[in-house]
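>
Numbering (UniProt numbering), first residue to last: 1 to 286.
Laid out in structure tokens, this is it:
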């Protein structure tokens with residue numbers, strides 16, 4: 001067509017449709033975004049160019065009984081690093097059995113810091129793609145990480161995710177993962193001396209990605225752009241979990257040696273400030 005299509009109106013059929021908040025409606029209007037298929041020129045604004053947010057964190061579906069304390073620390077440290085918004089996928093277990101955690105997440109949503117989806121599908125890869133496409137036009141970057149993970153820039157080079165992105169943004173990027181001992185403070189941490197070259201997580205521009213995997217970029221929209229792994233002296237994925245060699249065969253004994261890591265001390269003051277604000281918000285809503 002000669003004029004660009006701006007939106008699509010979807011109307012009710014045999015099954016009711018739902019709006020973006022999950023409520024049954026007779027119709028919903030969805031925007032059509034410009035997704036580049038070649039190296040962008042300045043002829044048309046792409047989705048990332050008009051995004052109101054810089055960084056959104058996509059968190060896979062939450063199951064079982066996650067610790068509300070750990071999730072609080074994860075959100076506030078991510079915010080200290082540069083995160084502006086979080087997308088959470090909540091299973092029936094969370095709604096049924098975890099009132100304290102649900103209260104915390106609802107508080108974040110009411111403050112505009114989080115979007116919550118009642119996720120009945122369970123499949124992690126579906127949630128990854130939902131968050132990828134959801135954030136086209138909403139967020140310039142999407143960061144994929146579990147709530148026991150943190151993408152941490154080298155503080156000697158970068159003071160935030162913003163500084164990191166400015167330096168490496170010539171394509172799409174993945175980082176490497178090191179295992180940290182679980183159930184420890186961010187500020188008194190020990191991690192494996194080696195890093196996993198397989199269990200990576202990614203920071204991407206959503207409008208440049210066609211397909212995401214759990215630990216990698218499966219396919220980009222523009223073939224000339226290639227995913228780029230970044231070495232630990234640029235950024236490192238802190239993974240607070242028991243070390244495993246299950247996916248790193250041939251990588252040597254990744255789990256044999258641990259070293260101290262004080263990288264997150266650089267953001268400690270901001271983390272504690274943000275955490276205190278959230279605790280006050282929770283107390284005032286009680």
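A virtual CB, placed ideally from N, CA and C, is assigned to each residue, including glycine.
Taking the beta carbon of residue 23 as the centre, do at least 16 other beta carbons fall within 10 Å, making it buried, or is it exposed?
Counted from its first residue, the chain shown places residue 23 at position 23. Exposed.
> By DSSP, does residue 160 sit in helix, in strand, or in coil?
Mapped onto the chain shown, residue 160 falls at position 160. If DSSP states are grouped into helix, strand and coil, residue 160 belongs with coil.
> Is it the case that the CB of residue 160 approaches a heavy atom of the ligand PLP more closely than 7 Å?
The ligand PLP is absent from the structure shown, which contains no ligand whatsoever.
> Among 32, 27, 16 and 18, which one has its Cα closest to the Cα of residue 3?
For the purposes of this step, residue 3 is taken as the residue at position 3 of the chain shown. The residue with the shortest Cα to Cα distance from residue 3 is 32.
> What residues in its chain sit with their C-beta under 6 Å from that of residue 131, if we drop five residues either side in the sequence?
Start at 1 with the first residue of the chain shown, and residue 131 comes out as number 131. Result list for residue 131: 58 and 87, in chain order.
> Since residue 119 and residue 89 are thought to touch, with beta carbons under 8 Å apart, how far apart are those beta carbons, to the nearest angstrom?
For the purposes of this step, residue 119 is identified with residue 119 of the chain shown, where counting begins at 1. For the purposes of this step, residue 89 is identified with residue 89 of the chain shown, where counting begins at 1. Indeed they touch by this definition, with Cβ atoms about 4 Å apart.
> For a minimum of 4 consecutive residues, which ranges assigned as the alpha helix (DSSP H) are wholly contained in the segment 49-108?
As far as the segment 49-108 is concerned, its whole alpha helix (DSSP H) runs of at least 4 residues are 68-81 and 92-97.
> Using CA coordinates, which residue listed in 67, 109 and 211 is at the minimum distance from residue 223?
Taking the chain shown and counting its residues from 1, the one referred to as residue 223 is at position 223. Ranking 67, 109 and 211 by Cα distance to residue 223 puts 211 first.
> Buried or exposed for residue 45, going by 16 or more other Cβ atoms inside 10 Å?
In the chain shown, counting from the first residue as 1, residue 45 sits at position 45. The predicted model places residue 45 with a pLDDT of 48, which falls under 50 and marks its position as unreliable; any figure quoted below should be read in that light. By the 10 Å Cβ count, residue 45 comes out exposed.
> So, residue 111 versus residue 187, is the Cβ gap smaller than 8 Å?
If you number the chain shown from 1, residue 111 lands on position 111. If you number the chain shown from 1, residue 187 lands on position 187. No. Outside cutoff.
> For residue 190, list the residues DSSP reports as bridge partners.
Residue mapping note: residue 190 aligns to position 190 of the chain shown, counting from 1. Answer is 260.
> When DSSP labels each residue in this structure, what does residue 16 get in the three-state scheme?
Translated into the one-based positions of the chain shown, residue 16 becomes position 16. Here residue 16 sits in coil by DSSP.
> Return the CA-CA distance between residue 182 and residue 197, expressed in angstroms with no decimal places.
Mapped onto the chain shown, residue 182 falls at position 182. Mapped onto the chain shown, residue 197 falls at position 197. Cα to Cα, the separation comes out at about 20 Å.
> For residue 117, which residues in the same chain have their Cβ closer than 6 Å to its Cβ, ignoring the five residues on either side in sequence?
Your numbering for residue 117 matches position 117 in the chain shown. If we look at residue 117 and ignore the five residues flanking it on each side, its Cβ neighbours are 89.
> Mapping DSSP to helix, strand and coil, what is residue 206?
Here residue 206 refers to the residue found at position 206 when the chain shown is read from its first residue. Three-state result, residue 206: helix.
> Between the Cα of residue 54 and the Cα atoms of 128, 134 and 140, which residue gives the shortest distance?
In the chain shown, the residue the question calls residue 54 occupies position 54. Considering only alpha carbons, the answer is 140.
> Helix, strand or coil for residue 3 per DSSP?
What you label residue 3 is simply residue 3 of the chain shown in a count that begins at 1. Coil at residue 3, not helix or strand.
> Span of the beta strand (DSSP E) holding residue 140?
Here residue 140 refers to the residue found at position 140 when the chain shown is read from its first residue. Taken as a continuous stretch (DSSP letters only), the beta strand (DSSP E) holding residue 140 covers 139-144.
> Going straight from the alpha carbon of residue 208 to that of residue 164, what length do you get?
Counting from 1 along the chain shown, the entry for residue 208 is found at position 208. Counting from 1 along the chain shown, the entry for residue 164 is found at position 164. Rounded to whole angstroms, residue 208 to residue 164 spans 18 Å at the Cα level.
> My assumption, with CB atoms under 8 Å, is that residue 91 sits in contact with residue 62. Please give the rounded CB distance.
What you label residue 91 is simply residue 91 of the chain shown in a count that begins at 1. What you label residue 62 is simply residue 62 of the chain shown in a count that begins at 1. Between residue 62 and residue 91 the Cβ distance is about 6 Å, and since that is below 8 Å, they are a contact.
> Can you check whether the CB of residue 194 is closer than 8 Å to the CB of residue 254?
Counted from its first residue, the chain shown places residue 254 at position 254. Counted from its first residue, the chain shown places residue 194 at position 194. Yes, they are a contact pair.
> Compare the beta carbon distance of residue 271 and residue 84 with 8 Å and say whether it is the shorter of the two.
Along the chain shown, read from residue 1 onward, the residue named residue 271 stands at position 271. Along the chain shown, read from residue 1 onward, the residue named residue 84 stands at position 84. Not closer than 8 Å, so no.
> What separation, rounded to the nearest whole angstrom, lies between the Cα atoms of residue 73 and residue 167?
The count along the chain shown starts at 1 and reaches residue 73 at position 73. The count along the chain shown starts at 1 and reaches residue 167 at position 167. Looking at the two C-alpha atoms, the distance is approximately 27 Å.
> Taking the alpha-carbon positions, what's the residue 97 to residue 66 distance?
In the chain shown, residue 97 corresponds to position 97, counting from 1. In the chain shown, residue 66 corresponds to position 66, counting from 1. Rounded to the nearest angstrom, the two C-alpha atoms are 10 Å apart.
> Bridge partners of residue 212, per DSSP?
Within the chain shown, the letter at position 212 stands for residue 212. In the DSSP output, where bridge partners are listed per residue, residue 212 has 217.
> Please report the residue range of the beta strand (DSSP E) in which residue 230 lies.
Your numbering for residue 230 matches position 230 in the chain shown. Looking at the DSSP string, the run of the beta strand (DSSP E) that includes residue 230 is 227-230.
> Among residues of its own chain, excluding the 5 on either side of residue 123, which ones have a beta-carbon nearer than 7 Å to its beta-carbon?
The residue given as residue 123 occupies position 123 in the chain shown. For residue 123, where only same-chain residues beyond five positions count, there are no Cβ hits under 7 Å.
> If you draw a straight line from the alpha carbon of residue 219 to that of residue 127, how long is it in whole angstroms?
On the chain shown, position 219 is the one that residue 219 refers to. On the chain shown, position 127 is the one that residue 127 refers to. Approximately 17 Å, taken between the alpha carbons.
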